[in-house]
Every structure is written in structure tokens, then in C-alpha cells.
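Asks: Take the sequence shown: its letters are residues 0 to 635, numbered as in numbering that gives the first Met the number 0.
Even for Gly, the Cβ is constructed at its ideal location relative to N, Cα and C.
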Amino acid sequence: MPDQLKSVIVGTAGHIDHGKSSLVEALTGTHPDRLEEEKRRGITIDLGFAFLEEAGIRFGFVDVPGHERFVTNMLAGAAGIDLVLLVIAADESIKPQTREHFDICRLLGVKRGIVVLTKSDLVDTDTTGLVRLEVEDYLRGSFLEGAPIVPVSTRTRAGLLELKDALLAATQQISGKNASSYFRLPIDRAFAIKGFGAVVTGTLISGSVAPGDEVQLFPGGEFLRVRGVQSGGKTVDRAHAGQRTAVNLAGIEHTALRRGMTLATPGKFRVTRRIDALLELLPSAPKVKQRARVHFHSGTSETVAEAFLHSGKELAPGQSALVQLRFQDAVLLLPGDRFIVRQFSPVTTIGGGVVLDPLARRPTVRDTGRVTFLETIERGDKSEILAAMTERAILGLTLEEIVARTGWTAEEISATAKNLLDSGRVIAISAEPLVLLGKKSLDEVQQKINSRVEKFHKENPLLPGISREDLRSSLGKRVRPEAFRAALDALIAQKKFDAQGEIVKRAGATISLDPEEARAKEQIEKAFASAGLAVPSVKEVLSKLPVEPKRAEKILQILLRDKVLVRVTPDLIFHRDALAQLRDRLSVFKKNKGERISVPIFKELTGITRKYAIPLLEYLDRERVTRRAGDERVIL
Ligand SMILES: Nc1nc2c(ncn2[C@@H]2O[C@H](COP(=O)(O)OP(=O)(O)OP(=O)(O)O)[C@@H](O)[C@H]2O)c(=O)[nH]1
Ligand SMILES: [Mg+2]
0 MPDQLKSVIV GTAGHIDHGK SSLVEALTGT HPDRLEEEKR RGITIDLGFA
50 FLEEAGIRFG FVDVPGHERF VTNMLAGAAG IDLVLLVIAA DESIKPQTRE
100 HFDICRLLGV KRGIVVLTKS DLVDTDTTGL VRLEVEDYLR GSFLEGAPIV
150 PVSTRTRAGL LELKDALLAA TQQISGKNAS SYFRLPIDRA FAIKGFGAVV
200 TGTLISGSVA PGDEVQLFPG GEFLRVRGVQ SGGKTVDRAH AGQRTAVNLA
250 GIEHTALRRG MTLATPGKFR VTRRIDALLE LLPSAPKVKQ RARVHFHSGT
300 SETVAEAFLH SGKELAPGQS ALVQLRFQDA VLLLPGDRFI VRQFSPVTTI
350 GGGVVLDPLA RRPTVRDTGR VTFLETIERG DKSEILAAMT ERAILGLTLE
400 EIVARTGWTA EEISATAKNL LDSGRVIAIS AEPLVLLGKK SLDEVQQKIN
450 SRVEKFHKEN PLLPGISRED LRSSLGKRVR PEAFRAALDA LIAQKKFDAQ
500 GEIVKRAGAT ISLDPEEARA KEQIEKAFAS AGLAVPSVKE VLSKLPVEPK
550 RAEKILQILL RDKVLVRVTP DLIFHRDALA QLRDRLSVFK KNKGERISVP
600 IFKELTGITR KYAIPLLEYL DRERVTRRAG DERVIL
């Protein structure tokens, strides 16, 4: 199966005319220059591609232009390479774009490479030896220190076998890209093939893609269907991370597709215009001042960014700093993505760095925890990162947000979250879908609930408690419903609060009456108790009280809630003793006179008028003391 071959992306780098394209042709048999203009001028303008299968390894070559005017194209090709061939012509040695391309590879985090001294046929061995020394000196302390330096001539083919051996050896040390993560393909070319439609190509930096997949196109966000996939120039069932990949897309014109766009797993990611990042400035670069404008390149995309330094007023050459970059155009980025910055004008490469927070907040003076947070991301410990991220999200963090901010898979997230949940540092205020809240935020919500409930009791001494809904809405929009529920449930579980149905109160809270109110309560009770079944009207009782109507009504509510009084109809209230006596009388009646009783007999028995008798009988029916049978009642 060709799919199981190890895939390695090899990029060229080096000054104009130093023999990069010739070298790719000598190694692969394919000349990477494809444009008419390139052939006419004899220089590379845009990226070229070629493939080589050797000793079970599939090499995808990305050939870049050396001309300083086309560094932008070079950048689009350099993103995603595993190994660099730093091409230096033996008759010219190190030149400006040798340095610039090398800096770019270093800043993009390329880990391996081989130095190729081309055009060895044009110089004698002494000169080759001299150039070698110069190159060794230049590379000291860098990722290419100690890398093979291979003299080659594409004209005589001298050194080509040694170079292939060096390539194969270097391949051993290359760890593949993550094929099990989300799919991301930064697009470097888009064109149409007759009979197939739109095709895009790129270096697959993570995940995999197969015909039939749905993918999302960024920055626009369109959902598209994959019709076919090629890798290494051959049709495949699935292309994996680390492969040069061509994707045939349905549902879009090739003219709507461009270099700089990204195809990705659908529904997971969000584009950004504001990131927090670690920026390193080259020693040769001028200092960067607060709010400087720069060109920003990542993957195959480029835009203009404004740099805001999180501490200090300027960034000195050779130094690194935490910065916020605000983009002119929306870009899809994830933590760990590398980028290059170039001076706004004149355009030269001045530095690069790594994305820390792709969905950064606007810088504010109040946000004092940001630098610590970014340093945590930089250290790369997943548990620490998730904890810090959750603690910064005072509203809580959903699974979706975690994915968009980290690019971690659901499995990675649940494994990481489990550690944190066990330690109690983070609470899951909802399990499905997962919503995390920092312990501190939960404490704060509890404190808020506490003070709201206290306030309520103080202001409403005659009410048993506050309704859940009123309590929740009193906290405002800054508290997620899930966070409110989790905080309240915890307070109830800790027996700090009591909840009866919808009503929440402080544990042990009782209704407290002042002396006037206590007197009023007594008066109401007495008024109904002494009336027996011939009860007075509610209005009449309340109007005689020493307190104002609103408080009187609340005191009445307390008596009703405590079931001292019973409401039979909206305006008929009885004392519970009177009703108990009535039940007794009915049971005596049943014993002596039988189970049937008519309305007139009921009136006689109780001594009340029809106005009270009918509602009372209906009440007794509801309470299952009696049952209606025609005009009569059956005593149960
Ligand atoms: N004598 C000699 N000439 C070479 C060798 N390799 C390349 N050349 C010549 O050098 C010139 C430039 O070669 P290219 O391969 O186009 O150089 P390049 O680095 O791709 O140039 P750009 O892509 O424009 O940066 C061509 O005329 C080649 O024929 C070599 O090994 N020996
Ligand atoms: Mg070239």
C-alpha cells in the first residue's frame, strides 16, 4: 500500500540562481518550474513541486524562489516542510536570501536540514573547503549545526548519491505530523481540471482527508464536499498529515479558491483577527515599537498586523516578547502555529514566532493575568493550560470553545479535564455537553447567591424565600444558567440553603414578624377561629388590622401557607379547626343517620346559609370527605 510509505516534505531554500530548481530536477527527474514566465526568465517565481520515492520513503519536494521579491511565495512553501535543503552555490557562498531563507526556516521551527553546496563543478576543492568553513561558522548554534554539508554538481551529477544517502539518513530522525488530529490543509494552489472542477493543493499539516468528507473552507466558512484526493501525484483513498495533497472539491468554482485559504474539519474552528503570541525579533532587525504595523505570514496566508506589546514599550533586536497581533483580515490559526513577520516597509523579514492564544481578548489594563496565562500556554502542560483557560473564562468554558481555542481532540480534552476535575480545581457544571467552570468562579457565584438571598430575606421578612428564577435573573447575564444551578445545588447539598420546590431560602431562615405584625396575625386567626363556619369576608378582616394592606395580605399568606387557614374559594377562608369540627360532625352524622346527606340537611347540620354551604360541599368533594351523588352527597 503506497499510503503506508513514510512521507517527508523537503523544501529548498537559498539565494537566487544558486541551483535549487536544478537540484530538485536532478533528484526527482521533474523540473519544478512550471510557469511560462519562469522558463523565459530562467528564475523561479512561484512554488514548484516534485516527488520521489526512494527506499520506502515518499519525498514531496517544495521548490521555492530565491528572488527577494518573491519571499512571500517562499513563505507559503516553507510552512509545513519537515526538512530543508539549504542550497548554497559553491562559487558564491552565503548571500542575502541564504540568510533570510535560513532565518525563516529557523523561525518556522524547521528541525532538520542538509546544506547542499551546488555548482561544485565551477570551483576547485580549496574553494569548496573554504565555503564549507564559512557555512559551518554561520550555522553554529542553530538547528543546522552539525548538519551534513554535501557538495553537488547537477551538471556532472557529482555528489548526488551522497545527497540521497544524507536525505534518507535525515529522514530517520523526522517525527511525522499528527494524522489523528483535526484535518487542516493550508491551500497553496487552486486551479480547475477539465471534467473534475476545482482542485486545491497544499502540504497536509494535520489529520487526514478522504473522498466523501465534508470540509470547511476558511476564512469564509463555506462547507464543501471532497470529491477526490491525490497525494504525491497519485489518486488515493485517503491522504494523511505530512503528505503533499491535492483535493478535488465539489460545490465551488476554482476562482473562489485562493492561496492563503485553509480547508479544515467542519464545525470546529473559528477564524480570528486577534491573537496573543510569542514574537522573536531577529538580531539584524530594527526594534519594533508599540503598535507597529507588520506583514504577517502563517501557513500559506498573509495579512497585515498591528503589534501590541503586552509589557514594555518596544522590542529590541534579538529579543522575544509576548505580543498581541491584530489582523486586517480574518485568519484560521491554532496554538503552536508558527508565523513570520516582515517589516511593513521596506519589506524584509524581521522575526517570527508562535501562536499562543488564537482567540485573544482585547488588551485591557484590568486584565492583569494575561502574561501569566500566556506563559502557561508556552510551557505546554495540557492540564495547566486547560485549568488556566477555564479560570479565565468566568462564564465557564464549553467543549466547543476548548476545541476552537486549542485544536485538541475531544479525547484529549476529556482526558485532560478528568485530571482537573479529580483535583477539584475545575468543576463540570454540565457533563453533556461538557461545560467547565473554575472553582474560584463557582465560589464567586455562590457568594453572589448568598448575598442575594440574604438581601431578599432582609427585605422580605414575611416571605419564606426567593424563587429560583428570580434569584437567577438577579445575578444577571454574567452567570451561565448551568453555573447558577451547579452553585445552588452545591449550597443545598452543603445544607447552607433549603429549597422547597421553586422557593430557595437560607437554611433555618424563618419568617420574622415585628410586634405589630404578630398582633395582626393573631387578630386574623382569631377572627376566623371565632366565626366557625360563618366566616367573615377576607377584606373585612384585613381592613381592621393595625398594619397596611400589603403587609396584611402577606401575613394572611403566612397563615394560609402554614395551613392555619384554608382557602376554599378565592374569597372564602376558614380556620382549620372549624373544618376539622365539620368533618367530625359529618362522621357522627354518618354513624347515626346513614351515609347520604342532602344540601338542606347539610345546611341544618352546620347552621350556615346556601352561600357558604355549596362552596364548602364542593371543597369536601375535592378533599374526598364527600362524593356528589345526584342532589345528595355520600359521606365517605
Ligand atoms: N555549472 C553549474 N551550473 C548549475 C548547477 N546547478 C544549476 N546551475 C545553473 O544555475 C542557474 C540557476 O539554476 P536554478 O536551478 O534555476 O537556480 P534556482 O536556485 O532555482 O534559482 P531561483 O529559483 O530563481 O532562485 C541555471 O542556469 C542552472 O543551469 C551546477 O551544479 N553546475
Ligand atoms: Mg528555482
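Give a single yes or no on whether residue 230 has its beta carbon closer than 8 Å to a heavy atom of ligand 1.
Replies: no
Asks: Quick check: is any heavy atom of ligand 2 less than 8 Å from the C-beta of residue 31?
Replies: yes
Asks: Are there 16 or more other CB atoms within 10 angstroms of the CB of residue 448, so buried, or fewer, so exposed?
Replies: buried
Asks: Could I get the ranges of all uninterrupted alpha helix (DSSP H) runs contained in the stretch 109-155, with 4 residues as the minimum, in chain order?
Replies: Here the runs fully enclosed are 124-138.
Asks: For my contact list, residue 637 and residue 31 are in at a C-beta cut-off of 8 Å; report their separation, rounded to the angstrom.
Replies: Coverage of the chain is limited to positions 0 through 635, which leaves residue 637 absent and any answer about it impossible.
Asks: Beta carbon of residue 43: closer than 8 Å to some heavy atom of ligand 2?
Replies: yes
Asks: Any heavy atom of ligand 2 closer than 8 Å to the CB of residue 28?
Replies: no
Asks: Measure from the alpha carbon of residue 293 to the alpha carbon of each residue in 315, 344, 597 and 515, then state which is nearest.
Replies: If you compare the alpha carbons of 315, 344, 597 and 515 with that of residue 293, the shortest gap goes to 344.
Asks: Identify whether residue 253 lies in helix, strand or coil by the three-state DSSP scheme.
Replies: Residue state for residue 253 is assigned as helix, using DSSP reduced to three classes.
Asks: With C-beta atoms as the reference, is residue 458 less than 9 Å away from residue 505?
Replies: no
Asks: Alpha carbon to alpha carbon, how far is residue 141 from residue 315? Give it in angstroms, no decimals.
Replies: For residue 315 and residue 141, the distance between alpha carbons rounds to 20 Å.
Asks: Contact between the stretch 36-53 and the stretch 204-212 is defined here as three or more beta-carbon pairs at a separation below 8 Å; is this criterion met?
Replies: no
Asks: Go through its chain and collect everything with a Cβ distance to residue 526's Cβ below 7 Å, but skip five positions before and after it.
Replies: 535 and 540
Asks: Using DSSP's beta-bridge definition, name the partner residues of residue 596.
Replies: 632
Asks: Tell me the rounded alpha-carbon separation between residue 169 and residue 230.
Replies: C-alpha separation (whole angstroms): 22 Å.
Asks: At a cut-off of 8 Å, would you count residue 76 as near ligand 2, judging by its Cβ distance to the nearest heavy atom?
Replies: no
Asks: Please name the residue or residues paired with residue 351 in a DSSP beta bridge.
Replies: 279 and 339
Asks: Express the C-alpha separation of residue 359 and residue 394 in angstroms, rounding to a whole number.
Replies: 16 Å
Asks: Starting from residue 76, trace the alpha helix (DSSP H) both ways and give me its first and last residue.
Replies: Residues 70-77.
Asks: Which residue comes first and which comes last in the beta strand (DSSP E) that contains residue 319?
Replies: 319-330
Asks: Classify residue 499: buried if its beta carbon has 16 or more other beta carbons within 10 angstroms, exposed otherwise.
Replies: exposed
Asks: Among 406, 434 and 408, whose alpha-carbon lies nearest the alpha-carbon of residue 390?
Replies: Per the C-alpha coordinates, the member of 406, 434 and 408 positioned closest to residue 390 is 434.
Asks: Where residue 516 and residue 561 are concerned, what is the direct C-alpha to C-alpha distance, given to the nearest angstrom?
Replies: 16 Å
Asks: Applying the criterion that 16 or more other CB atoms from any shown protein chain within 10 Å of the CB defines a buried residue, is residue 524 buried or exposed?
Replies: buried
Asks: Please confirm whether residue 279 and residue 319 have their CB atoms less than 9 Å apart.
Replies: yes
Asks: Would you mind working out which of 363, 578 and 203 sits nearest residue 79, comparing C-alpha positions?
Replies: 203
Asks: In three-state DSSP terms, what is residue 397?
Replies: Here residue 397 sits in strand by DSSP.
Asks: Closer than 8 Å: is that where the CB of residue 413 sits relative to any heavy atom of ligand 2?
Replies: no
Asks: With distances taken Cα to Cα, identify the nearest neighbour of residue 12 among 21, 475 and 33.
Replies: Nearest of 21, 475 and 33 to residue 12, Cα basis: 21.
Asks: Any idea what DSSP makes of residue 296, helix, strand or coil?
Replies: strand
Asks: Three or more C-beta pairs closer than 8 Å, one from the stretch 240-249 and one from the stretch 117-131: is that the case here?
Replies: Result no; under three Cβ-Cβ pairs closer than 8 Å.
Asks: Exposed or buried, residue 72, counting other C-beta atoms within 10 Å across all chains shown (16 or more means buried)?
Replies: buried
Asks: Starting from the C-beta of residue 614, find all residues in its chain whose C-beta is less than 7 Å away, skip the five residues before and the five after it, and write them out in chain order.
Replies: 567, 568 and 571
Asks: Enumerate in chain order the residues of its own chain whose CB-to-CB distance from residue 158 is below 6 Å, with the five nearest sequence positions on each side excluded.
Replies: 149, 150 and 151
Asks: Under the criterion of a Cβ to heavy atom distance below 8 Å, does residue 62 qualify as lining ligand 2?
Replies: yes
Asks: Would you give the residue range spanned by the alpha helix (DSSP H) that residue 504 belongs to?
Replies: That residue, residue 504, is in no alpha helix (DSSP H); its beta strand (DSSP E) goes 502-505.
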